[in-house]
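Visitor: Please find one structure pasted underneath; my questions will follow.
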Ligand code: PMP
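Numbering (this note's numbering), first residue to last: 7 to 384.
Given below as structure tokens:
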């Protein structure tokens, strides 16, 4: 027992010594440049009203799913919502998971078989990497957004090949070269899997995500759609061929061995999907504000902000490393801005940054204020 405690204490002390100890914080009342609520749906009174009205309609359903969907936990609202999701993202079928983390783990641990090969972008989310660690297939990382490096790694390919990417990267904020990846996958008969977590809501005529925005839904094998970000809710879905849905229902342990989502979560998603097409102005506003912040920050000596055109901005300092970055984040919080540092091991050593998220509900004054505070604080 004391050994267990000692090991944990030692590991925490290691983190603290590196300056990377994580703690849970609550920051009430600060200007939000941190959350993934890109379009403001998590705080939308309209969405709240939609949900309130819809709850009546589904009051005959149990509050909780009461079991795995393969046992007592399924009901028609699941199936109805999954049809809506499949149609929205232009796929044949959809299957809900309890979170984006579980969707990626559930998909990537089950789909690639022993003898198959998966190539994933090294900047891919932890849930994709964790899914691949549970898989019997071999997997290889390729350099971030580097199709050339991917091509070189193809020499390791055996069996069915899968390529796994995010359409918009959660930390870098940049986009995968989806057209190029689609072409490569077509040439070699690989299946392309795209995590749309940070593109849903923001790209596409109705916020369908980048795959649909680029008209690539026929060529992408599966899209992972998550609901904790621009949709303001929780949960996720895998969208792809009907046979993929059938397969996951039979083989995806993260789907099978867990209680289904509660009814209120399904109702929320139904309502969020009803609102999403109407949020064109919000999509444009978030992007325009982000563009302004990008331009302002790149005028500050010692600061580098990337990428242009994304609502996820990485703000890196030319010198000072983790300590200076943490001090700057603290200063910004004292100035009233909720901006957090992203530190190793979430990002590689030397790639620590402030991750600044611009939302539709931020104002031009807030953008100017943040830029001024950063210039003052470095
Ligand atoms: N994929 C990506 C790219 C993500 O950024 C995240 C969340 N950070 C997830 C999946 C996990 O989604 P969820 O929060 O719904 O578990």
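Backbone N, C-alpha and C fix where the C-beta goes; we use that ideal spot for every residue, glycine too.
Leaving out five residues on either side along the sequence, give the residues of the same chain with a beta carbon under 7 Å from the beta carbon of residue 138.
Guide: As a first step, residue 138 is located in the chain shown; it is residue number 132 there, counting from the start. The answer, listed in chain order, is 114, 124, 126 and 145.
Visitor: Ends of the alpha helix (DSSP H) at residue 322?
Guide: For the purposes of this step, residue 322 is taken as the residue at position 316 of the chain shown. For residue 322, there is no enclosing alpha helix (DSSP H); the residue is found in the beta strand (DSSP E) stretching over 318 to 323.
Visitor: For residue 168, does the count of other Cβ atoms within 10 angstroms reach 16, so buried, or fall short, so exposed?
Guide: In the chain shown, counting from the first residue as 1, residue 168 sits at position 162. Its Cβ being crowded by 16 or more others within 10 Å, residue 168 is buried.
Visitor: Just how far apart, CA to CA, sit residue 84 and residue 272?
Guide: Along the chain shown, one-based indexing puts residue 84 at 78. Along the chain shown, one-based indexing puts residue 272 at 266. Distance between the alpha carbons of residue 84 and residue 272: 7 Å.
Visitor: Going along the chain, which unbroken runs of the alpha helix (DSSP H) with 4 or more residues stay wholly within the segment 254 to 334?
Guide: 259 to 262, 269 to 281 and 286 to 303
Visitor: Identify whether residue 117 lies in helix, strand or coil by the three-state DSSP scheme.
Guide: Taking the chain shown and counting its residues from 1, the one referred to as residue 117 is at position 111. Reduced to three states, the DSSP call for residue 117 is coil.
Visitor: Smallest Cα separation from residue 181: which of 377, 317 and 356?
Guide: Taking the chain shown and counting its residues from 1, one reaches residue 181 at position 175. Just measuring C-alpha positions, the residue of 377, 317 and 356 sitting nearest residue 181 is 317.
Visitor: Quick one: what's got a C-beta closer than 7 Å to residue 279's C-beta in the same chain, skipping five residues either side?
Guide: Position 273 of the chain shown, counting from 1, holds the residue named residue 279. So the qualifying residues of the chain are 90 and 94.
Visitor: If I'm right that residue 198 touches residue 244 with Cβ under 8 Å, what's the distance once you round it to whole angstroms?
Guide: What you label residue 198 is simply residue 192 of the chain shown in a count that begins at 1. What you label residue 244 is simply residue 238 of the chain shown in a count that begins at 1. Contact between residue 198 and residue 244 is ruled out by a C-beta separation of about 14 Å, above the 8 Å threshold.
Visitor: Taking 7 Å as the cut-off, does the CB of residue 201 come closer than this to any heavy atom belonging to the ligand PMP?
Guide: Counting from 1 along the chain shown, the entry for residue 201 is found at position 195. Because some heavy atom of the ligand PMP lies under 7 Å away, the Cβ of residue 201 counts as near it: yes.
Visitor: DSSP puts residue 144 in a beta bridge; with which residues?
Guide: Counting from 1 along the chain shown, the entry for residue 144 is found at position 138. Answer is 123.
Visitor: Are there 16 or more other CB atoms within 10 angstroms of the CB of residue 68, so buried, or fewer, so exposed?
Guide: Translated into the one-based positions of the chain shown, residue 68 becomes position 62. By the neighbour-count rule (16 or more Cβ atoms within 10 Å), residue 68 is not buried but exposed.
Visitor: Would the C-beta of residue 308 count as close to the ligand MG, meaning under 7 Å from any of its heavy atoms?
Guide: Absence of the ligand MG from the depicted structure is noted, with the ligand PMP being the only ligands included.
Visitor: Do residue 173 and residue 132 come within 8 Å of each other at the CB atom, strictly closer than that value?
Guide: Looking up residue 132 in the chain shown gives position 126. Looking up residue 173 in the chain shown gives position 167. No, these two residues do not count as a Cβ contact at 8 Å.
Visitor: Report yes if the C-beta distance between residue 87 and residue 275 is below 8 Å; otherwise report no.
Guide: On the chain shown, position 81 is the one that residue 87 refers to. On the chain shown, position 269 is the one that residue 275 refers to. The answer is yes: Cβ separation under 8 Å.
Visitor: Are there 16 or more other CB atoms within 10 angstroms of the CB of residue 235, so buried, or fewer, so exposed?
Guide: For the purposes of this step, residue 235 is taken as residue 229 along the chain shown, with counting starting at 1. Buried, by the Cβ-count rule.
Visitor: Could you please give the first and the last residue of the uninterrupted alpha helix (DSSP H) stretch that includes residue 92?
Guide: Sequence index remark: in the chain shown, residue 92 carries index 86 (1-based). 82 to 94 is the extent of the alpha helix (DSSP H) around residue 92.
Visitor: Which stretch, first to last residue, makes up the alpha helix (DSSP H) that contains residue 52?
Guide: Here residue 52 refers to the residue found at position 46 when the chain shown is read from its first residue. Segment 51 to 63, the alpha helix (DSSP H) holding residue 52.
Visitor: For residue 295 and residue 150, what's the separation of their Cα atoms in angstroms?
Guide: Taking the chain shown and counting its residues from 1, one reaches residue 295 at position 289. Taking the chain shown and counting its residues from 1, one reaches residue 150 at position 144. Cα to Cα, the separation comes out at about 26 Å.
Visitor: What do you reckon, are the CB atoms on residue 363 and residue 41 nearer than 8 Å?
Guide: In the chain shown, residue 363 corresponds to position 357, counting from 1. In the chain shown, residue 41 corresponds to position 35, counting from 1. Yes, they are a contact pair.
Visitor: Quick check on the DSSP output: the beta strand (DSSP E) that includes residue 16 runs from which residue to which?
Guide: As a first step, residue 16 is located in the chain shown; it is residue number 10 there, counting from the start. Premise fails: residue 16 lies in the alpha helix (DSSP H), 8 to 24, not in any beta strand (DSSP E).
Visitor: When you compare the segment 261 to 268 with the segment 214 to 226, are there three or more beta-carbon pairs, one atom per stretch, that lie closer than 8 Å?
Guide: no
Visitor: DSSP has residue 107 in a bridge; who is on the other side?
Guide: As a working note, residue 107 is residue 101 in the chain shown. DSSP output for residue 107 lists no bridge partner at all.
Visitor: Are there three or more Cβ pairs, one per stretch, closer than 8 Å when the segment 345 to 353 is compared with the segment 300 to 310?
Guide: no
Visitor: By Cβ distance below 7 Å, which residues in the same chain neighbour residue 386 in space, the five residues on each side in sequence not counted?
Guide: Outside the displayed range of the chain (7 to 384) lies residue 386, so it cannot be described from this structure.
Visitor: Since residue 99 sits in a beta bridge, which residues does DSSP pair it with?
Guide: For the purposes of this step, residue 99 is identified with residue 93 of the chain shown, where counting begins at 1. Paired residue(s): 246.
Visitor: Tell me which same chain residues have a C-beta within less than 6 Å of the C-beta of residue 99, skipping the five on either side of it?
Guide: Taking the chain shown and counting its residues from 1, one reaches residue 99 at position 93. Excluding sequence neighbours, residue 99 sits near 92, 248 and 251.
Visitor: Could you tell me the boundaries of the beta strand (DSSP E) in which residue 346 lies?
Guide: Here residue 346 is taken as the residue at index 340 of the chain shown, counted from 1. Looking at the DSSP string, the run of the beta strand (DSSP E) that includes residue 346 is 346 to 348.
Visitor: In this structure, does DSSP put residue 77 in helix, strand or coil?
Guide: On the chain shown, position 71 is the one that residue 77 refers to. Correct three-state label for residue 77: coil.
Visitor: How do the segment 318 to 337 and the segment 73 to 82 stand: do at least 3 beta-carbon pairs fall below 8 Å, yes or no?
Guide: no
Visitor: Less than 6 Å between C-beta atoms, sequence neighbours within five positions excluded: which residues of the same chain meet that for residue 302?
Guide: Within the chain shown, residue 302 is the residue found at index 296, counting from 1. If we look at residue 302 and ignore the five residues flanking it on each side, its Cβ neighbours are 377.
Visitor: Mind checking who residue 359 pairs with in its DSSP beta bridge?
Guide: Stepping through the chain shown from its first residue, residue 359 is reached at position 353. For residue 359, which the question treats as bridged, DSSP gives the partners 348.
Visitor: So is the beta-carbon of residue 81 under 7 Å away from any non-hydrogen atom of the ligand PMP?
Guide: One-based indexing of the chain shown puts residue 81 at position 75. No, the Cβ of residue 81 stays beyond 7 Å of every heavy atom of the ligand PMP.
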